[in-house]
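First residue of the sequence shown? That's 0 in numbering that gives the first Met the number 0, and the numbers climb one at a time after it.
Heads up, the beta-carbon is just placed ideally off N, CA and C, and yes, glycines get one too.
Let me begin by presenting the structure, written as structure tokens, before commenting on it.
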Amino acid sequence: MLNNITLGQYYPVDSLVHRLDPRIKIVLTIVTLVAVFLVGTLAGYALILAFCLLVARLSNVPVRMLLKGIKPLRFILILTFFLNLFFTSGTELVHVGFVIITREGLRQAIHFSLRLVFLVMTTSLMTLTTSPIQLSDGMEMLFSPLKVIHFPAHELAMMMSIALRFIPTLMEETDKIMKAQKARGADFESGNLIQRAKSMIPLLVPLFVSAFRRAGDLALAMESRCYHGGEHRTRLRVLRITRMDYLACVAVAVLLALVILESRFIPKGLIL
């Protein structure tokens, strides 16, 4: 299951989306996330899905990679769905004993579940098509206007890109430790909640030790290369906004406009 996590991974192929300016991709990802939260009907979610599939097709990223990234969230999706389904008051649809399902609860459960799915898909598309170095450079340049108030733009961008880069590494390390502990007789699945929590200790302790060791090695490697933040730093590839970046902005602007129109003019009842 841990190998299914795609957030933070980079899919190295040549495509139109890969060649976009990382600053544009970061901003357009944020705008797309805003559009996801503005959706009010199933037609809007279908529009977002079509847009994500189009971007995946243009980026040469297999759709199965996007779907694979949703698998680890199955428990959270199910929990989110049923919590909203059973604990939202409103017009009753089903009443069996103490179980009450309302129209508002069903609508809210669908909303939150689909939003979570599209949040993961959208952010995964950005990280799959943007290398950690590009992501760091893009965030640094977006934060650079804040340097006038002594905002550590480079340091923050570096921290965020390193964190994203090490997500798949830590997941791979967790998977190896889990398999090693299972080979020694550890059981992570049986027992009640407290027993399962206790069984995670043999997994968490070596994982934290490994994470701190990797952080120390990274700090030592950066120091040995005389790394001093963004001070007098040059870039091999200077970021430039091209015509394709402007076309991407227009496409996302059209998507946002369509989502706003559908949320205003299509009745909310069509969500069900």
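Check: When you compare only the Cα positions, how much space is there between residue 152 and residue 65?; Outcome: 30 angstroms
Check: Since I believe residue 137 is in contact with residue 11 (beta carbons under 8 angstroms), could you give me their beta-carbon distance rounded to a whole number of angstroms?; Outcome: That pair is no contact at about 17 angstroms.
Check: For residue 188, which three-state DSSP category applies?; Outcome: coil
Check: In angstroms with no decimal places, state the Cα-to-Cα distance between residue 206 and residue 38.; Outcome: 39 angstroms
Check: Does the structure place the region 132-147 close enough to the region 114-123 that three or more beta carbon pairs sit under 8 angstroms?; Outcome: no
Check: Distance check for residue 163 and residue 269, CA to CA, integer angstroms please.; Outcome: Confidence is the limiting factor: at residue 269 the pLDDT is only 48, short of 50, which leaves the residue's position unreliable, though a coordinate-based value still follows. Looking at the two C-alpha atoms, the distance is approximately 38 angstroms.
Check: Where does residue 40 land, buried or exposed, given buried means 16+ other C-beta within 10 angstroms?; Outcome: buried
Check: Could you check the C-alpha separation between residue 68 and residue 28 for me, to the nearest Å?; Outcome: 17 angstroms
Check: Alpha carbon to alpha carbon, what distance is there between residue 218 and residue 8?; Outcome: 22 angstroms
Check: When DSSP labels each residue in this structure, what does residue 93 get in the three-state scheme?; Outcome: strand
Check: For residue 119, which of helix, strand or coil comes out of DSSP?; Outcome: helix
Check: CA-CA distance, residue 256 and residue 240?; Outcome: 23 angstroms
Check: Kindly say whether residue 11, judged by its beta-carbon, lies nearer than 8 angstroms to any beta-carbon of chain B.; Outcome: The question asks about chain B, but that chain is absent: this structure has only one protein chain.
Check: Once you ignore the five residues that flank residue 220 on each side, which residues in its own chain have a CB closer than 8 angstroms to its CB?; Outcome: none
Check: How about residue 58 and residue 14: are their beta carbons less than 8 angstroms apart?; Outcome: yes
Check: Roughly how many whole angstroms lie between the Cα atoms of residue 88 and residue 254?; Outcome: 33 angstroms
Check: Going by the beta-carbon positions, is the gap between residue 90 and residue 79 smaller than 8 angstroms?; Outcome: no
Check: Does residue 98 come out as helix, strand or coil in the three-state DSSP assignment?; Outcome: strand
Check: Helix, strand or coil for residue 227 per DSSP?; Outcome: strand
Check: Looking at residue 30 and residue 128, is the spacing between their C-beta atoms short of 8 angstroms?; Outcome: no
Check: State the CB to CB distance for the pair residue 43 and residue 258, rounded to an integer number of angstroms; the pair is presumed to be in contact (CB under 8 angstroms).; Outcome: 5 angstroms
Check: Can you list, in chain order, the stretches of the beta strand (DSSP E) that have 3 or more residues and sit fully within the region 155-222?; Outcome: none
Check: What whole-angstrom Cβ distance do residue 177 and residue 187 have, given they're in contact under 8 angstroms?; Outcome: 7 angstroms
Check: So, for residue 172: in the same chain, excluding its five sequence neighbours on each side, which residues have a beta-carbon less than 6 angstroms away from its beta-carbon?; Outcome: 209
Check: Compute the distance between the beta-carbons of residue 198 and residue 185, then report whether it is under 8 angstroms.; Outcome: yes
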